[in-house]
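J.: Before I ask anything, here is the structure I am working with.
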DNA sequence: ACACGTGTTATGCG
DNA sequence: TCGCATAACACGTG
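In my numbering, the protein residues as written are 109 to 378.
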């Protein structure tokens, strides 16, 4: 289930393999995945055209489509979405979150889990694999409602957008309209790195604490992109009932913050 | 059988 | 209208 780093890998797969190939067919028959569109609407907007660019902000992807007045094609992977692009050069895949072992497992690619397909003139295809069906494909998605990308957000902007309100700082990080791209695991990781209690009201953090948090957000995102996803991050591997803090060895504690399961080090995160 | 989940969104309340 | 909390969404997994 993708967070920003996995979504970036999916965007990259489209960018490297899915552009400038003429679309001759679209399977948009899954009315849940393609809501609120009716079957055929997305197809009619895309057939005969090509994707010309793949963009990302936070966890949202959108592709430019060639042709005057063409809408953009929005893709959100939800919690279980992955993108597969096939063509003359083989198949590339992005958006995976569990690591290469699971990526290769054919049992995780049942045909009925493919919820959306673009067929290209050259015989290849771009497909969205989404077992849980919480992803979404739509035309002209509204990405302006998202906050600045978590990997790009500036210091001043971070202070203003994250360091406000009574909401627990973890819940604020998860709010995509404040900053975009941080999910549950990444939030636990960056708060652990910054040694901040996830339950602290965001507006009570000092400027120094906010700057430190931003630094860890950027560092963790970069690390996860480079190493293959959020599951490669240090503290993510220590989630669970028997997990211990990789720094001090204290038993990690479980809580619910912002409606999500949260693990943190009760000794260091204050 | 049953609880849980790496994400979003509609709804309701003060 | 805003800030926030909660349930709901659909479906696989342990």
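The beta carbon of each residue, even a glycine, is placed where N, CA and C say it ideally should be.
Quick caveat: nothing in here was measured; it's all calculated off a predicted structure.
Determine the DSSP secondary structure at residue 340, reduced to helix, strand or coil.
T.: As a first step, residue 340 must be located in the first chain, where it is residue number 232. Looking at residue 340 - three-state DSSP - the assignment turns out to be helix.
J.: State yes or no: is the C-beta of residue 127 within less than 8 Å of the C-beta of residue 154?
T.: To locate residue 127, count along the first chain from 1; it is residue 19. To locate residue 154, count along the first chain from 1; it is residue 46. Between residue 127 and residue 154, the C-beta gap is not smaller than 8 Å, which leaves the two residues out of contact.
J.: To the nearest angstrom, how far is it from the Cα of residue 138 to the Cα of residue 117?
T.: To locate residue 138, count along the first chain from 1; it is residue 30. To locate residue 117, count along the first chain from 1; it is residue 9. Their backbone Cα atoms lie some 24 Å apart in a straight line.
J.: Could you give the distance in angstroms between the alpha-carbon of residue 309 and the alpha-carbon of residue 323?
T.: Reading the first chain from its first residue, position 201 is the one you call residue 309. Reading the first chain from its first residue, position 215 is the one you call residue 323. Each residue's Cα considered, the two are about 19 Å apart.
J.: Within a Cβ cutoff of 6 Å, which residues of the same chain sit near residue 111, ignoring the five residues on either side of it in sequence?
T.: By one-based count along the first chain, residue 111 stands at place 3. When the five nearest sequence neighbours on each side are left out, the beta carbons in the same chain lying within less than 6 Å of the beta carbon of residue 111 are those of 291, 294 and 338, in order along the chain.
J.: Comparing C-alpha positions only, which one of 146, 257, 243 and 271 sits nearest to residue 314?
T.: The residue you call residue 314 lines up with position 206 of the first chain. For the residues 146, 257, 243 and 271, the minimum Cα distance to residue 314 belongs to 271.
J.: Beta carbon of residue 77, beta carbon of residue 298: below 8 Å?
T.: Outside the displayed span of the chain (109 to 378) sits residue 77, for which this structure offers no information.
J.: Using a Cβ distance threshold of 8 Å, determine whether the segment 236 to 252 contacts the segment 181 to 190, with at least three qualifying pairs required.
T.: yes
J.: Could you tell me the boundaries of the alpha helix (DSSP H) in which residue 262 lies?
T.: For the purposes of this step, residue 262 is taken as the residue at position 154 of the first chain. Per DSSP, residue 262 is not a residue of any alpha helix (DSSP H), being assigned neither H nor E.
J.: In chain order, what residues of the same chain lie with their CB nearer than 8 Å to the CB of residue 129, ignoring the 5 residues before and after it?
T.: Here the question's residue 129 lines up with position 21 in the first chain. Around residue 129: 158, 159, 195, 228, 229, 230 and 232.
J.: Would you say residue 320 touches the ligand PLP, meaning its beta carbon is less than 7 Å from a heavy atom?
T.: Ligands are entirely absent from the displayed structure, and the ligand PLP is therefore not among its contents.
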